[in-house]
Amino acid sequence: MDSKKRSQTLTLSDTKTKKKKKPTRSEILRKKRAAEGLVSAASSVVDHLSDLDAFRYYDHEGLSVRLDCGRGDRLSAPVKRYIQNLLKVNMEGPFGPEWPTEEKAKRQEMVAPEARYIFVLDDSGQSMSKKSPDVGRCYRHEEDSLNLVGFVHFRFMVEEELPILYVYELQLEARIRGKGLGNFLMELIEVIAKKNHMNAVVLTVQKANHAAMEFYTRKLRYEVSIISPSRVEPSVGKNVSYEILCKAFDLESREVLEENLHLFIMVLFSYPTLPFMLINGQCCGQRGHEKT
Ligand SMILES: CC(C)(COP(=O)(O)OP(=O)(O)OC[C@H]1O[C@@H](n2cnc3c(N)ncnc32)[C@H](O)[C@@H]1OP(=O)(O)O)[C@@H](O)C(=O)NCCC(=O)NCCS
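Those letters in the sequence shown? Residues 629 to 920, by the working numbering.
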């Protein structure tokens with residue numbers, strides 16, 4: 629994921645159509661304040677897994693892990709080292725020459741007070757503990773870092789006046805990939821986002837990280853957001869190494885972050901027979917006819 633873009637100022641208002649009535653300044657401020665209130669409440673939750681027992685363990689295809697939570701300003705030295713190392717192993721390739729700069733930024737992001745974590749711990753030798761889940765405990769014990777096999781770093785924040793959950797990192801060791809755990813963790817992230825009244829999940833992916841791009845867009849149905857450089861300004865975006873992806877949970881947020889749906893609905897209202905035309909292949913026929 630790309631650190632530099634997350635809080636960047638490529639604002640949507642520059643690129644939006646002017647058809648909708650512009651909100652007043654006080655409306656924008658009110659919305660922003662409400663979003664900040666939700667972000668602050670979500671950030672103050674100590675254990676995001678506390679009433680999500682179904683997500684505490686993942687047992688599948690011989691993989692047995694348990695999850696725990698944490699925050700950036702409470703990481704022990706061995707956990708910090710583990711995170712730095714896994715990031716380097718997984719991300720040096722996709723970032724290429726940008727890696728040294730990116731690594732520095734990530735080291736700072738990693739320990740920020742706003743950083744929230746889901747830790748993935750190898751649970752293969754601890755089947756008994758499943759029967760008495762350690763509810764409410766937050767990850768901080770140094771010795772546990774030896775069992776780490778991956779992590780998610782996320783934050784609650786305001787983007788385009790919307791409260792959102794931003795996934796900064798989703799990193800698994802190579803040996804535990806392809807067993808559905810990534811899917812499971814993103815499901816958990818979406819549950820946490822909804823439970824805390826966030827309007828969307830947003831994340832950044834390196835274009836060179838084809839596997840992750842496939843995972844998010846094809847499998848999890850994330851959209852390239854309209855705040856992604858490739859959609860804000862395609863001529864600039866084509867030289868940028870990342871995309872911003874999102875999954876919005878309601879119509880208004882989809883309009884702001886994805887826009888496709890908004891356009892689709894507008895087209896649908898203008899041409900109510902369009903779905904039937906598409907099913908019957910009439911659109912293609914018509915285009916073909918126009919060309920001739
Ligand atoms: C990306 C990542 C988190 C995916 O986690 P994972 O546990 O390997 O993925 P899953 O096993 O849950 O796969 C879920 C689905 O995505 C698909 N998928 C996963 N990796 C894929 C790949 N490399 N290419 C194509 N599809 C892939 C799988 O086919 C699977 O679909 P299925 O259920 O229909 O079979 C993990 O591979 C990883 O940590 N990679 C390195 C770090 C990284 O790139 N992180 C993302 C940074 S933005």
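Cβ atoms here follow ideal geometry from the backbone N, Cα and C, with glycine treated the same way. This structure is a prediction, so every number in the text was calculated from the model and none was measured.
Cβ-based burial, residue i [other Cβ within 10 Å; buried from 16]
i: residue 751; result: buried
i: residue 856; result: buried
i: residue 919; result: With a pLDDT of only 29 at residue 919, under 50, the local geometry of the prediction cannot be trusted, and no value is derived from it.
i: residue 651; result: exposed
i: residue 709; result: exposed
i: residue 700; result: buried
i: residue 908; result: Residue confidence is low: residue 908 scores 48 on pLDDT, short of 50, so the model does not pin down where it sits. No coordinate-derived value is stated.
i: residue 867; result: exposed
i: residue 698; result: buried
i: residue 842; result: exposed
i: residue 696; result: buried
i: residue 653; result: exposed
i: residue 795; result: buried
i: residue 730; result: buried
Distance CB(residue i)-CB(residue j) smaller than 8 Å
i: residue 779; j: residue 804; result: no
i: residue 812; j: residue 685; result: no
i: residue 875; j: residue 849; result: yes
i: residue 854; j: residue 887; result: yes
i: residue 800; j: residue 793; result: no
i: residue 947; j: residue 676; result: In the structure as shown, the chain begins at 629 and stops at 920. Residue 947 is therefore absent and cannot be evaluated.
i: residue 691; j: residue 807; result: yes
i: residue 693; j: residue 774; result: no
i: residue 781; j: residue 666; result: no
i: residue 734; j: residue 715; result: yes
i: residue 877; j: residue 823; result: no
i: residue 791; j: residue 827; result: yes
Given residue i as reference, the closest of the options once Cα atoms are compared
i: residue 882; options: 848, 829, 656; result: 829
i: residue 674; options: 818, 774, 743; result: 743
i: residue 712; options: 656, 777, 753; result: 777
i: residue 870; options: 832, 665, 731; result: 832
i: residue 789; options: 845, 690, 817, 885; result: 885
i: residue 663; options: 787, 709, 678; result: 787
i: residue 847; options: 696, 700, 814; result: 814
i: residue 681; options: 861, 816, 706, 726; result: 816
i: residue 661; options: 785, 729, 861, 697; result: 785
Whether or not the segment 832 to 842 and the segment 718 to 736 are in contact is what I'm after, with contact meaning three or more pairs of Cβ atoms, one per stretch, closer than 8 Å; do they touch? For the pair of segments examined, the segment 718 to 736 was found to touch the segment 832 to 842: the number of CB pairs separated by less than 8 Å reaches three.
Count the C-beta pairs between the segment 659 to 672 and the segment 725 to 738 that are closer than 8 Å, then say yes if the count reaches three, no if not. Taking a cut-off of 8 Å on C-beta distances, the segment 659 to 672 does not touch the segment 725 to 738, as fewer than three cross pairs fall below it.
Where are the alpha helix (DSSP H) runs, 4 residues long or more, that stay fully inside the segment 834 to 895, in chain order? The segment 834 to 895 contains, as complete alpha helix (DSSP H) runs of 4+ residues, the segments 838 to 842, 857 to 860, 862 to 865, 879 to 885 (chain order).
Whole beta strand (DSSP E) elements within the segment 802 to 835, 3-residue minimum: The segment 802 to 835 contains, as complete beta strand (DSSP E) runs of 3+ residues, the segments 828 to 834 (chain order).
Would you mind listing the alpha helix (DSSP H) stretches within the segment 698 to 762 that are 4+ residues and don't spill past its ends, in chain order? Counting only runs of 4 or more, we get 705 to 723, 727 to 738.
Starting from the N-terminal side, write out each stretch of the alpha helix (DSSP H) that is 4 residues or longer and does not extend beyond the segment 645 to 677. Segments of the alpha helix (DSSP H) lying fully in the segment 645 to 677: 653 to 671.
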